[in-house]
Amino acid sequence: MPFIPHTRDDLSAMLSRIGVDDLEALFDEIPQSLTMPGLPGVPEALCEAEISSLMHERAGTDGRPVCFMGAGSYDHYVPAAVWEITTRGEFYSAYTPYQAEASQGTLQVIYEYQTMMAELTGLDVSNASLYDGATAFAEACLMAVRANRKAKSRKILVPRTVHPYYREVAHNIISGQDIELVDLPMQDGVADLSVLDQFEDETFAAIVMQQPNFFGNLEQVDALTDWGHEHGALVIAIANPLSLALLKAPGSWGSEGADIACGDGQPLGVPMASGGPYYGYMVCRQAIVRQMPGRIVGRTVDIDGKPGFTLTLQAREQHIRRSRATSNICTNQGLVVTASTIYMALMGATGLRQVASASVNNTRSLVASLTAIAGVTQAFGQTSFNETVLLLDRPVGPVLDALAAEGILGGVDLSEFYPELGNALMVCATESRTAAQIEKYTAVMTGVMAGEGVQAHG
Amino acid sequence: MADTPNNTQLTSIAAGEKLIFEQHARHGSRNFTPDAAPADIPEEFLRGEEPGLPSVSELQVVRHYTRLSQLNFSIDTHFYPLGSCTMKYNPKACNTLAMLPELLGRHPLAPEQFSQGTLQCLYEVQEMLQELTGLVGSSLTPMAGAQGELAGVAMIQAYHKARNDLERDEIIVPDAAHGTNPATATMCGCRVVEIPTRSDGDLDIEALKAAVGPKTAGIMLTNPSTLGVFERQISEIAEIVHEAGGLLYYDGANLNAILGRTSPGAMGFDVVHVNLHKTFSTPHGGGGPGSGAVAVGERLKAHLPIPYIVKDGEQYRWADEQDCPGTIGRLSAFMGNIGVLLRAYVYMRMLGKDGMRRVADYAVLNANYLMVALAEAGFDVAFGERRASHEFIISVKSITRETGITAMDFAKALLDYGFHAPTTYFPLLVPECLLIEPTETEAMQTLDEFVDAMVAIREAAYNDPDSLKAAPLTMPVRRLDDVRAAKQPDLVWQAPE
Amino acid sequence: MSEIPEDLKYTQDHEWLRIEEDGSVTVGITDHAQEALGELVFVELPEEGQDVGKGDACAVVESVKAASDVYSPLSGTVSDINGDLADEPEKVNGSPYEDGWLFRITPQNEDELEGLMDTVAYEEFLSGIED
Chain A
78 MPFIPHTRDD LSAMLSRIGV DDLEALFDEI PQSLTMPGLP GVPEALCEAE ISSLMHERAG
138 TDGRPVCFMG AGSYDHYVPA AVWEITTRGE FYSAYTPYQA EASQGTLQVI YEYQTMMAEL
198 TGLDVSNASL YDGATAFAEA CLMAVRANRK AKSRKILVPR TVHPYYREVA HNIISGQDIE
258 LVDLPMQDGV ADLSVLDQFE DETFAAIVMQ QPNFFGNLEQ VDALTDWGHE HGALVIAIAN
318 PLSLALLKAP GSWGSEGADI ACGDGQPLGV PMASGGPYYG YMVCRQAIVR QMPGRIVGRT
378 VDIDGKPGFT LTLQAREQHI RRSRATSNIC TNQGLVVTAS TIYMALMGAT GLRQVASASV
438 NNTRSLVASL TAIAGVTQAF GQTSFNETVL LLDRPVGPVL DALAAEGILG GVDLSEFYPE
498 LGNALMVCAT ESRTAAQIEK YTAVMTGVMA GEGVQAHG
Chain B
61 MADTPNNTQL TSIAAGEKLI FEQHARHGSR NFTPDAAPAD IPEEFLRGEE PGLPSVSELQ
121 VVRHYTRLSQ LNFSIDTHFY PLGSCTMKYN PKACNTLAML PELLGRHPLA PEQFSQGTLQ
181 CLYEVQEMLQ ELTGLVGSSL TPMAGAQGEL AGVAMIQAYH KARNDLERDE IIVPDAAHGT
241 NPATATMCGC RVVEIPTRSD GDLDIEALKA AVGPKTAGIM LTNPSTLGVF ERQISEIAEI
301 VHEAGGLLYY DGANLNAILG RTSPGAMGFD VVHVNLHKTF STPHGGGGPG SGAVAVGERL
361 KAHLPIPYIV KDGEQYRWAD EQDCPGTIGR LSAFMGNIGV LLRAYVYMRM LGKDGMRRVA
421 DYAVLNANYL MVALAEAGFD VAFGERRASH EFIISVKSIT RETGITAMDF AKALLDYGFH
481 APTTYFPLLV PECLLIEPTE TEAMQTLDEF VDAMVAIREA AYNDPDSLKA APLTMPVRRL
541 DDVRAAKQPD LVWQAPE
Chain C
266 MSEIPEDLKY TQDHEWLRIE EDGSVTVGIT DHAQEALGEL VFVELPEEGQ DVGKGDACAV
326 VESVKAASDV YSPLSGTVSD INGDLADEPE KVNGSPYEDG WLFRITPQNE DELEGLMDTV
386 AYEEFLSGIE D
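Chains as they are written, first to last, in my numbering: chain A, 78 to 535; chain B, 61 to 557; chain C, 266 to 396.
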């Protein structure tokens, strides 16, 4: 019996001590009418060797195409030490650190993580994580409405250049509380500052900026931050945390800095893994910390005066505040945060800067090669970071199919997200992409665009 | 003080491990990725100062975090009978196989021809969960139980709205419910109506009848309840709520007690969330990641969160708004915690149909055995006249009254005996309680040792209470000043001036 | 046994009221409440000038293990709040009826004072809920 240690003798001794004849008796409070006859749809058990074989087969089916896709999930190299240590049983199978004395390892890791995120974002207090970037954004919106009592507004101004899935998720989560996301139009791939006047008479609880934005373009964060503050709004920054090794920290945006920074931690040591588990990070100004959802670890002392760590400010959370909690969040993304912390410690500021720079350089190199092909142009005239949008003279789908046939994931077809852009393809080349891979992509693309036998592929 | 052999390892480590920032800085010797030329980005976008991240060697990092890990209790190292958390063994194969390079390296938006392996595993998880819950549709996207609850309540709201039944904004919750339940209801813009539990552990049906009406959107329940007993009136409860026009939401936290024996679908529930990090043994990870997959009956199928997996002939693909126009929408930037779901898949395939039933059999056996052993040793069992489900509650209130030793003191003392404490902060209804869930992966001998430790602690409560107030004595730190942590928050390390 | 001063009125949510000479009403939490909460680490007060309805949750008292709403016992306007509590929330524990007062209201409706408990009634109420 896998994972069940009881011997036959154990079983009889235990049944006898309880005072029943068999296991069935222990379920005598469940009405007969509710019992299941069996589990016909569940297959027979596999031994470990069999499931191993099956998983290898399934993984083999998926293969390892070369990835030039971004859009919120990036193929960065993760050093071996990161997950070796993270999957140690003491981290992997530990519980949430409610009993602080038994969890100093986890708690100190989180404290270090909080410090690193505060450093990257230039803001004061970080929580211990939320589920992912999109839900962190949703929580930031809820937090801004709670914290900005003065504005008395339930509206948030969001540029169309923010990740479409983030906007969708935020809408789905916050609309139950009558909070509305208002669109700020875009122009040439960035938020359109020239139309801000049309919002003069509206009050917003917060305005939002994503840096780099969904298209990989760099926004005028200083101007927008100042506009937001001048109009009584809090400023929410959605930032790729890896980019913060190079880019201006949200805490330094405009003259006062952003109020809340959030986003997804995936670029920091987390494999793409079909989209999860990642984690959402959130860092805020000291003044609004009591409105911040999620767990927070604090350093204190024990009765001997020795320093130690514990969960703090818990009165805001669901297990105490219940219906008045800042959020319903309980389990978050602890193990992934552990991995990220180890990654940041291994890489340091220099290492992160190298990865970010290499990603920028490789993407530019890819774009230069591809735009040299007739029929491929850049969509926007902006400074872009680790991904860029290209326009093709024909539908993107078949081009991507042709690349896929060569084992290349060519990029993200933007037509479902932004049909107004036309035949738009977003490409991304991280530090993991080699010159040879970029060459091969270019060669295949050249062939496709010249009309040489585009193979239809399922 | 009795022998506490399990903790000598912990005390031999120099606790008071410095912060990584306080380690001696070392330069260079980093070769994880190729060197890069500086990126050409206009000055206005760049940060002025480098972020203050550690600058240390790989060995320093490895040593530091390895030593930190050794300060933790974990299932791999200790018995962890936390009620309502299902701290069962996390099989290593689940981790190894979920981390196969192809699975780990797959981009979430990769086209279907590079996804059939992963999608098939996930589809089979959907199918198995539907079978186990007795329901007909499912979505794996919610990333934890609380998000599953959010999805569930949102689906219930969508259902009523679609039928133009617009007055329903009340969610009924028993007073014994886990905190996430009322918190979720509020997040969805609903009012919470709390109803009492009777002294025998079952819901107060009369109070329920009084509480339902035209404003009832639904009820959130778990069965067995948070008090560790099976809600015997569940079919009647379902009838009452359905007749009033409301729907039933099942919090799957306690599914381990009934897996394969009965199902929420059979009980009349319309929507369920399953905590994969509890029932299906995915790692607790020091606070996640979890997964709160949802399963639904016919009424709510039209409102499932997207995406979920469908099978067209022999091909698997993601279903979206086109397939499910009434969806409550996306709850995650991508598709949920896929890595967690793959671990659950491996576990479910290793259990198979017989293994699933054995989970409940032995989880309930262990709980009843431990309950009887503690009762025989003189502890007060709440609901002692009922069968334990997979967990049960003991109350030390009489000990507290006579000695001043509280449930929290017991929890701290247990650490010195090498046991992580049971849950003490919950449920709120039973004062000075310990909610104990052994799980099916623990052996009888471990349970006996736990009873011995509890007896020894109780003896100390009467003979030497100061020793317990001083506990824990053998951990890396002793009791921490929570008040100071809240009043003088130190949440970020600052470099000394 | 908790302290229950004679000259105050009480609510079932463990708040006390003192009617001042100028007609304003001072509100705080009782000795029983502060004891149950433990040492306070934070107090969130309403804003001066804020209108409150009877029964509205208008303040929060937070300890390490609990955060409780404080409900306005009367309808009216908040005329004053205890600024000391920002730095010294523990004053509520040490002196719940004097230095630990929370806020003052200018009441709108004298009739609302009728339903409140006096010392004897509150004492009875407490023994009813304590074991």
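The beta-carbon is built from N, C-alpha and C at its ideal position, and this holds for glycine as well.
Since we're looking at a predicted model, the values are computed, not measured.
Residues of the region 437-451 of chain B that bring their beta carbon within less than 9 Å of a beta carbon in chain A comprise R446, R447, A448, S449, in sequence order.
The C-beta of E162/B comes closer than 9 Å to at least one C-beta of chain A. Inside the region 412-484 of chain A, DSSP marks whole beta strand (DSSP E) runs of 3 or more residues at positions 453-455, 464-469, from first to last along the chain.
With a threshold of 16 other beta carbon atoms within 10 Å, N224/B falls short and is exposed. Ranked by Cα distance from A545/B, the options L491/A, D87/A, L390/A, V466/A are led by L390/A.
Contacts with chain A at 9 Å (Cβ-Cβ) do not include S259/B. Taking A267/B as the centre and dropping the five residues before and after it, the same chain places the C-beta of I255, P256 closer than 8 Å to its C-beta, in chain order. Excluding its 5 nearest sequence neighbours in each direction, A122/A has no C-beta neighbour in its own chain below 6 Å. P171/B places its beta carbon 9 Å or farther from that of S392/B. Counted as a single uninterrupted DSSP element, the beta strand (DSSP E) harbouring L305/C occupies residues 305-309. Put simply, the CB of P498/B is far from chain A, with every gap to its CB atoms at 9 Å or more.
Just measuring C-alpha positions, the residue of G318/C, G320/C, S360/C, I294/C sitting nearest V326/C is I294/C. In the assembly as shown, I394/C is an exposed residue. Its beta-carbon has fewer than 16 other beta-carbons within 10 Å.
In the three-state scheme derived from DSSP, where H, G and I count as helix and E and B as strand, Y376/B is classed as strand.
In terms of Cβ geometry, L467/A and L486/A do not form a close pair [threshold 9 Å]. In the structure shown, K274/C falls within a strand segment according to DSSP collapsed to helix, strand and coil. Per DSSP, the unbroken beta strand (DSSP E) holding Y358/A starts and ends at 357-361. Given a length threshold of 4 residues, each whole run of the alpha helix (DSSP H) inside the region 295-342 of chain B is given here in chain order: 324-327. The beta carbon of Q173/B falls within 9 Å of a beta carbon belonging to chain A, placing the residue at that interface. If you ignore the 5 residues before and after G444/B, its C-beta comes within less than 7 Å of the C-beta of A435, all in its own chain and listed in chain order. Listed along chain A are F80, I81, P82, each with a C-beta nearer than 8 Å to that of T501/B. Just so you know, the alpha carbons of P344/A and S436/A end up roughly 11 Å apart. Look at A338/A here: in three-state DSSP terms it is strand.
Every beta strand (DSSP E) stretch that sits fully inside the region 353-439 of chain B and reaches 3 residues is listed by chain position as 354-356, 368-372, 375-379. DSSP places D260/A inside the beta strand (DSSP E), whose first and last residues are 257-261. In the structure shown, the three-state DSSP call for C250/B is coil. The residue among F281/A, Y242/A, V298/A with its C-alpha nearest the C-alpha of D269/A is V298/A.
Among the residues of chain C, none has a CB under 9 Å from the CB of V419/B; the nearest is roughly 34 Å distant. For G118/A, there is no enclosing beta strand (DSSP E), as DSSP gives it neither H nor E.
Straight through space, the alpha carbons of V357/C and D364/C are spaced by roughly 7 Å.
In the three-state reduction of the DSSP assignment, N358/C falls in the helix class, which pools H, G and I.
If you compare the alpha carbons of G182/A, T238/A, A527/A with that of L491/A, the shortest gap goes to T238/A. In this model, P318/A and P327/A are separated by some 10 Å (Cα to Cα).
Out of A177/A, F462/A, V143/A, the CA that lies nearest to the CA of L321/A is found in F462/A. Looking at the DSSP output, D379/A shares a beta bridge with L540/B. Considering only beta carbons, the part of the region 116-137 of chain B lying closer than 7 Å to chain A consists of V116, E118, V121, V122, Y125, T126, L128, S129, Q130, L131, N132, F133, S134, I135, D136, T137, in chain order.
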